[in-house]
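**Q**
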Amino acid sequence: MTRDEALFEFLLRLGDNTSILSHRVSEWIGHSPVLEEDIALANTALDLIGQTQLWLGLAGEIEGKGRTADNLAYLRDAWDYRNLLLVERPNGDFGKTMMRQFLFDAWQSLMLGKLLASSDPRVAEIAAKASKEVAYHLERSADTIVGLGDGTEESHNRMQAALDDLWDYTGEMFISDEVDEVLATEGIAPNAASLKAEWEELVGRILTDATLTIPAKSYAHKGGKSGVHTEHLGFILADMQFLQRAYPGASW
Amino acid sequence: MSNEWPLWEVFIRGQHGMSHRHVGSLHAPDGEMAIKNARDVYTRRNEGVSIWVVEAANISASSPSGKGPLYEPSNSKVYRHPTFFDIPDDVGAM
Numbered sequence: 004m005t006r007d008e009a010l011f012e013f014l015l016r017l018g019d020n021t022s023i024l025s026h027r028v029s030e031w032i033g034h035s036p037v038l039e040e041d042i043a044l045a046n047t048a049l050d051l052i053g054q055t056q057l058w059l060g061l062a063g064e065i066e067g068k069g070r071t072a073d074n075l076a077y078l079r080d081a082w083d084y085r086n087l088l089l090v091e092r093p094n095g096d097f098g099k100t101m102m103r104q105f106l107f108d109a110w111q112s113l114m115l116g117k118l119l120a121s122s123d124p125r126v127a128e129i130a131a132k133a134s135k136e137v138a139y140h141l142e143r144s145a146d147t148i149v150g151l152g153d154g155t156e157e158s159h160n161r162m163q164a165a166l167d168d169l170w171d172y173t174g175e176m177f178i179s180d181e182v183d184e185v186l187a188t189e190g191i192a193p194n195a196a197s198l199k200a201e202w203e204e205l206v207g208r209i210l211t212d213a214t215l216t217i218p219a220k221s222y223a224h225k226g227g228k229s230g231v232h233t234e235h236l237g238f239i240l241a242d243m244q245f246l247q248r249a250y251p252g253a254s255w
Numbered sequence: 025m026s027n028e029w030p031l032w033e034v035f036i037r038g039q040h041g042m043s044h045r046h047v048g049s050l051h052a053p054d055g056e057m058a059i060k061n062a063r064d065v066y067t068r069r070n071e072g073v074s075i076w077v078v079e080a081a082n083i084s085a086s087s088p089s090g091k092g093p094l095y096e097p098s099n100s101k102v103y104r105h106p107t108f109f110d111i112p113d114d115v116g117a118m
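If you read the sequences in order, they're chains U and E. Residue numbers for the first sequence follow the working numbering, beginning at 4 and rising by one. Residue numbers for the second sequence follow the working numbering, beginning at 25 and rising by one.
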């Protein structure tokens, strides 16, 4: 695998993570428990869309076949998507959405922190912009996890259930493959596995504050990074890609 | 109603050197979340460099019915108004 092939795959992973999570978060618009959270979630979704444009835009450039960020987002089928299974998990209740957000934010903030020092300046530049947005996402989701986890009996139980349900989808973030190895050797991106200890420390600290218990037994669902997805992704894409599929090239 | 978050009044400083201005209100469980919510609700278009929040219940306000005694006496005292000075444009916002 050449450097550019690996970089293209890696950029799809980053861009597909933010794209699919953005779509999931946007599903809350108009349905959030309170107006303030509705706007905050919309802001998060918009930040993630912006990051998607940058990551997929660069992916298209690296690929060199003339595909734009829009082409990559709207004209690939599920097996060509490279997002983590975690971000395609259904929203569930508000607490579960925030738990998914927190687990992802913690990982993304560490990943972007490393990408700031990427040997590829284009990657470092996007990371610099995104890391400020993600620092805020993490602050907000972490506070919400602590507030709800260490809240009422009802909110605590819901947050614990959310953690139990999502935990098995976090292992995939730290499974390295050839793409990671090529990019680590080139100094472009960290090896996926290398983020694990820091992530566990960060997540463990917040979950302890939130009086939540990390499940003792864990199994890592995986496949998203190589295009093997859960049934949920197809439904997301059907929704997200409908317009471009039904009216190819439509614009306004 | 007891399940509702308290109401917070939000003040935002638009740029350095200006004072904080009241921009609106929102609900939040505590001060820190009120600042986060204010950031998301009131600074989406780059409006601010600083945010203050205060729980609405902590504001003491004058009573509208006290309008006469409170404000009308100053109406007849024009010499208190600094309208007799020309302020140079360079001074900027006052």
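The C-beta atom is built at its ideal place from N, Cα and C for all residues, glycine as well.
Report the three-state DSSP secondary structure of F35 of chain E (helix, strand or coil).
**A** Locating residue 35 of chain E in the second sequence gives position 11, counting from the first residue. Here F35 of chain E sits in strand by DSSP.
**Q** Kindly indicate which residue of U:E91, U:G63, U:G67 and U:A253 has the alpha-carbon position closest to the one of L75 of chain U.
**A** Within the first sequence, the letter at position 72 stands for residue 75 of chain U. Of the candidates U:E91, U:G63, U:G67 and U:A253, the one whose C-alpha sits nearest the C-alpha of L75 of chain U is U:G63.
**Q** When you compare only the Cα positions, how much space is there between H26 of chain U and M243 of chain U?
**A** Within the first sequence, residue 26 of chain U is the residue found at index 23, counting from 1. Within the first sequence, residue 243 of chain U is the residue found at index 240, counting from 1. Answer to the nearest angstrom: the Cα atoms are 8 Å apart.
**Q** Quick one: is K101 of chain E near chain U, going by C-beta distance under 8 Å?
**A** In the second sequence, the residue the question calls residue 101 of chain E occupies position 77. K101 of chain E does not count as touching chain U.
**Q** Does any residue of chain E bring its CB to less than 8 Å from the CB of D146 of chain U?
**A** The residue you call residue 146 of chain U lines up with position 143 of the first sequence. Yes, D146 of chain U lies at the interface with chain E (some Cβ there is under 8 Å from its Cβ).
**Q** Any C-beta of chain U within less than 7 Å: which residues of the segment 31-53 of chain E qualify?
**A** Hits within the stretch, in order: L50, H51, A52 and P53.
**Q** Does V56 of chain E have its Cβ less than 8 Å from a Cβ in chain U?
**A** Taking the second sequence and counting its residues from 1, one reaches residue 56 of chain E at position 32. Before going on, a small fix: residue 56 of chain E reads as Glu here, not Val. Chain U contact via Cβ: present.
**Q** Going by Cα to Cα distance, which pick from U:E8, U:H140, U:L115 and U:I42 is closest to L17 of chain U?
**A** The sequence position of residue 17 of chain U within the first sequence is 14, counting from 1. Minimum Cα distance to L17 of chain U is reached at U:L115.
**Q** Please report whether the beta-carbon of G150 of chain U lies at a distance below 8 Å from any beta-carbon of chain E.
**A** What you label residue 150 of chain U is simply residue 147 of the first sequence in a count that begins at 1. By this cut-off, G150 of chain U is an interface position.
**Q** Can you confirm whether N61 of chain E, when its beta carbon is compared against all beta carbons of chain U, has any partner nearer than 8 Å?
**A** For this step, residue 61 of chain E is matched to residue 37 along the second sequence. Chain U, which has a Cβ nearer than 8 Å to the Cβ of N61 of chain E, makes this yes.
**Q** Name the chain C residues whose beta carbon is nearer than 9 Å to that of R69 of chain E?
**A** Going by chain labels, chain C is absent from the structure shown, which instead holds the protein chains U and E.
**Q** Is the separation between the beta-carbon of H232 of chain U and that of A81 of chain U shorter than 8 Å?
**A** The residue labelled residue 232 of chain U in the question sits at position 229 within the first sequence. The residue labelled residue 81 of chain U in the question sits at position 78 within the first sequence. For H232 of chain U and A81 of chain U, yes; Cβs fall inside 8 Å.
**Q** Within 10 angstroms of its Cβ, does R45 of chain E collect 16 or more other Cβ (buried), or is it exposed?
**A** Stepping through the second sequence from its first residue, residue 45 of chain E is reached at position 21. R45 of chain E comes out exposed.
**Q** Could you name the residues of the segment 31-44 of chain U whose beta carbon sits closer than 7 Å to any beta carbon of chain E, in the order they occur along the chain?
**A** Cβ contacts with chain E: V37, E39, I42 and A43.
**Q** Beta carbon of A165 of chain U, beta carbon of G227 of chain U: below 8 Å?
**A** Locating residue 165 of chain U in the first sequence gives position 162, where the first residue counts as 1. Locating residue 227 of chain U in the first sequence gives position 224, where the first residue counts as 1. For A165 of chain U and G227 of chain U, no; Cβs fall outside 8 Å.
**Q** For the alpha helix (DSSP H) containing H159 of chain U, list its first residue and its last residue.
**A** One-based indexing of the first sequence puts residue 159 of chain U at position 156. Start and end: E156 to L169.
**Q** Name, in chain order, the residues that DSSP records as bridge partners for G48 of chain E.
**A** Working through the second sequence from its first residue, we reach residue 48 of chain E at position 24. Per DSSP, E:V34.
**Q** Please state if the CB of P218 of chain U and the CB of W170 of chain U are separated by a distance shorter than 8 Å.
**A** Counting from 1 along the first sequence, the entry for residue 170 of chain U is found at position 167. Counting from 1 along the first sequence, the entry for residue 218 of chain U is found at position 215. Yes.
**Q** Between D123 of chain U and T188 of chain U, what straight-line distance do the alpha-carbon atoms span, to the nearest angstrom?
**A** For this step, residue 123 of chain U is matched to residue 120 along the first sequence. For this step, residue 188 of chain U is matched to residue 185 along the first sequence. Approximately 13 Å between the Cα atoms of the pair.
**Q** Is the CB-CB distance between L198 of chain U and L87 of chain U below 8 Å?
**A** As a position in the first sequence, residue 198 of chain U is number 195, starting the count at 1. As a position in the first sequence, residue 87 of chain U is number 84, starting the count at 1. No.
**Q** Find the residues of chain U that neighbour V73 of chain E, judging by a C-beta separation of less than 7 Å, and give them in chain order.
**A** Translated into positions along the second sequence, residue 73 of chain E becomes position 49. Within chain U, no residue comes near V73 of chain E; the closest Cβ sits about 15 Å away, beyond 7 Å.
**Q** Determine, for V115 of chain E, whether the minimum Cβ-Cβ distance to residues of chain U falls below 8 Å.
**A** Counting from 1 along the second sequence, the entry for residue 115 of chain E is found at position 91. With 8 Å as the cut-off, V115 of chain E does not count as an interface residue toward chain U.
**Q** Hey, could you find the ends of the alpha helix (DSSP H) S25 of chain U is sitting in?
**A** The residue given as residue 25 of chain U occupies position 22 in the first sequence. Note, S25 of chain U: alpha helix (DSSP H), R6 to S29.
**Q** Roughly how many angstroms separate the alpha carbons of N27 of chain E and A192 of chain U, rounded to a whole number?
**A** Here residue 27 of chain E is taken as the residue at index 3 of the second sequence, counted from 1. Here residue 192 of chain U is taken as the residue at index 189 of the first sequence, counted from 1. Rounded to whole angstroms, N27 of chain E to A192 of chain U spans 47 Å at the Cα level.
**Q** Could you tell me if T155 of chain U is buried or exposed, where buried requires 16 or more neighbouring beta carbons within 10 angstroms of its beta carbon?
**A** Position 152 of the first sequence, counted from the start, is the residue given in the question as residue 155 of chain U. It counts as exposed.
**Q** Mind checking which residues open and close the beta strand (DSSP E) that includes V78 of chain E?
**A** What you label residue 78 of chain E is simply residue 54 of the second sequence in a count that begins at 1. Per DSSP, V78 of chain E belongs to the beta strand (DSSP E) from S74 to E79.
**Q** Whose Cβ in chain E lies nearer than 8 Å to the Cβ of N46 of chain U?
**A** In the first sequence, counting from the first residue as 1, residue 46 of chain U sits at position 43. Simply D64 and R68.
**Q** Can you tell me where the alpha helix (DSSP H) with S144 of chain U in it begins and where it stops?
**A** Numbered from 1 along the first sequence, position 141 holds the residue referred to as residue 144 of chain U. Looking at the DSSP string, the run of the alpha helix (DSSP H) that includes S144 of chain U is P124 to G152.
**Q** Could you tell me the distance, in whole angstroms, from the CA atom of M1 of chain U to the CA atom of A196 of chain U?
**A** Missing from the structure shown is residue 1 of chain U; chain U here goes from 4 to 255 and no further.
**Q** Are the Cβ atoms of L89 of chain U and L106 of chain U separated by less than 8 Å?
**A** Counted from its first residue, the first sequence places residue 89 of chain U at position 86. Counted from its first residue, the first sequence places residue 106 of chain U at position 103. Closer than 8 Å, so yes.
**Q** Just checking: is the beta-carbon of M25 of chain E within a distance shorter than 8 Å of some beta-carbon in chain U?
**A** Mapped onto the second sequence, residue 25 of chain E falls at position 1. Here M25 of chain E scores only 44 on pLDDT, less than 50, and its place in the model should not be relied on; the value that follows carries that caveat. Output row for M25 of chain E: interface = no.
**Q** What residues from chain E crowd round R143 of chain U, counting only those whose CB sits closer than 7 Å?
**A** Sequence index remark: in the first sequence, residue 143 of chain U carries index 140 (1-based). Correct list: K60.
**Q** Does the pairing of the segment 84-102 of chain E with the segment 60-68 of chain E give three or more beta-carbon distances under 8 Å?
**A** Touching, no.
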